[in-house]
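Colleague:
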Amino acid sequence: MPVVTLSELLAQDRAAAFLRGVVAGRRYANAYLFHGPAGVGKGTAAFAFARALLCDGVAPRAAQAPGLFDAPPAPVAAAADDACGRCAGCGKVARLQHPDLKFLFPVSGEEKTLDDTILETTRQVVEDPFFVFQYEKFASIRLSLTRELLRELAYRPYEAERRVVIVRDADRMREDQYSAMLKSIEEPGAATVWVLTTSRLNRLPATIRSRCQRVRFVAWGEGAIRRFLVDRAGIAQDEAGLLAALAAGSLGRALELREREPLTLRREAFALLETALRRDPSALWSACQHYMKFGRTGRETLRRMVEFHQLWLRDLLRARYGMDAAAFVHRDHEAQIRAEAATVDAAEIRRRLLVLEEMLRAIEGNVTPELAIFSGLVRLVGGRMGEGEWPRHATARWDY
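Add 134 to the 1-based position in the sequence shown for our numbering, that's all there is to it.
1) Where does ILE275 fall in DSSP's three states?
2) Between which residues of its own chain and HIS527 is the CB-CB distance below 6 Å, once the five residues before and five after are set aside?
3) What number of angstroms, rounded off, separates the C-alpha of GLU282 from the C-alpha of GLY355?
4) Quick check on the burial criterion: 16 or more other C-beta atoms within 10 angstroms. Buried or exposed for PRO291?
5) Since I believe ALA403 is in contact with ALA388 (beta carbons under 8 Å), could you give me their beta-carbon distance rounded to a whole number of angstroms?
6) By Cβ distance below 7 Å, which residues in the same chain neighbour ARG308 in space, the five residues on each side in sequence not counted?
7) Roughly how many angstroms separate the alpha carbons of VAL299 and ILE359, rounded to a whole number?
8) Taking DSSP as the reference, what is the three-state secondary structure of VAL298?
9) Using only CA atoms, which one of HIS464, VAL227, PHE152 lies nearest to PRO396?
10) Give the DSSP bridge partners of LEU235, in chain order.
11) Pull up the DSSP beta-bridge partners for THR331, would you.
12) Tell me the DSSP secondary structure of THR139 in three-state form.
13) Quick one, are the C-beta atoms of LEU248 and VAL241 less than 8 Å apart?
14) Starting from ARG485, follow the alpha helix (DSSP H) in both directions and report where the run begins and ends.
15) Return yes when the Cβ of LYS176 is within less than 8 Å of the Cβ of THR326, no when it is not.
16) Find out if the Cβ-Cβ distance for the pair ALA374, VAL364 is shorter than 8 Å.
17) DSSP on ARG285, reduced to helix/strand/coil?
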């Protein structure tokens, strides 16, 4: 995740313009809330905003009495509405080493390994320009970290005129943490600017939402994601097009999927459907169980496979309505799409799409993923399971 300047933010023109106006006016709220879909650049924008606030040109260092033999500090050209990107303050923010920049984010695992987890994640943020935060289901911002931070906020900033605190995915906190944070946010004349990010706005307490200046971030266009993947990540056109379609407006999601070899995953998704079409319950159950050997990764893989089928069915609808192949996600399978579209009506395609939507809701809920996939695929191909056909190894029965 690169630490850029506000002028370098992509696909968020309105948010960037607002933040640059804030910097130009030099009048800062105590807290800002960056909200919008996951993976659209809220975290990147938070660091860009922090960089502007801590830039030596925008925010001169706190006055310190020079030593007898100290050389006068080098002048820094004042930036009108953005970080200069060249001064010592900008460099420290880019390396996440500025003493007046604090960064909290959700973590999982035992308390004794917390420091190692934070150090490793911070290293990846700095070194990997395509780093994407990925959490376990119950990852949270630890109470011990917020307590330590709030103790530090009682003191003046070390170098800059103000301190910046970035809280990533601020909806993953406990109620008592919000109460303590609220006291700091409401403190008059505070030397701290809070920047909270969330993709689940309604999960934040109303007291926090009402005290923050909100900044809305929007989904990326499919074309913008495709261009980014080709031009900056060096991904081939066909694969970039598939990733952009799967991403549903989230660049972060596209970058996450890139690591899973989407073309291979698509082949596996189609193979799973072919197994369902053979109407062999034991073979289908074994195929579904295979992915759960990989834990959370297996759950994510099954979710992505369902999404591949959704995109395929939408291509069938496009073909039935006579759209050009350029509108297809799976355009490299145009002949197969058009042939299948000629054999199935629009109502049946919509029925299958509803089944897939239910499968995704089940996977994201409390249903065992392989059970959700198994039952959904049976229904997708128009079958039903009798009591005698249900796999004897399935320990729980779930059906739509």
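Cβ atoms here follow ideal geometry from the backbone N, Cα and C, with glycine treated the same way. Computed from a prediction, not measured in an experiment: that's the story for all the values here.
Modeller: Inspection of the coordinates gives the following:
1) coil
2) Note that HIS527 scores a pLDDT of 49, beneath 50, so its modelled location is shaky; the value from the coordinates is reported in the next line. Same-chain partners within the cutoff: there are none.
3) 40 Å
4) buried
5) Not a contact, Cβ separation roughly 17 Å.
6) LEU277
7) 29 Å
8) strand
9) HIS464
10) VAL298
11) PHE168
12) coil
13) yes
14) 480-498
15) no
16) yes
17) helix
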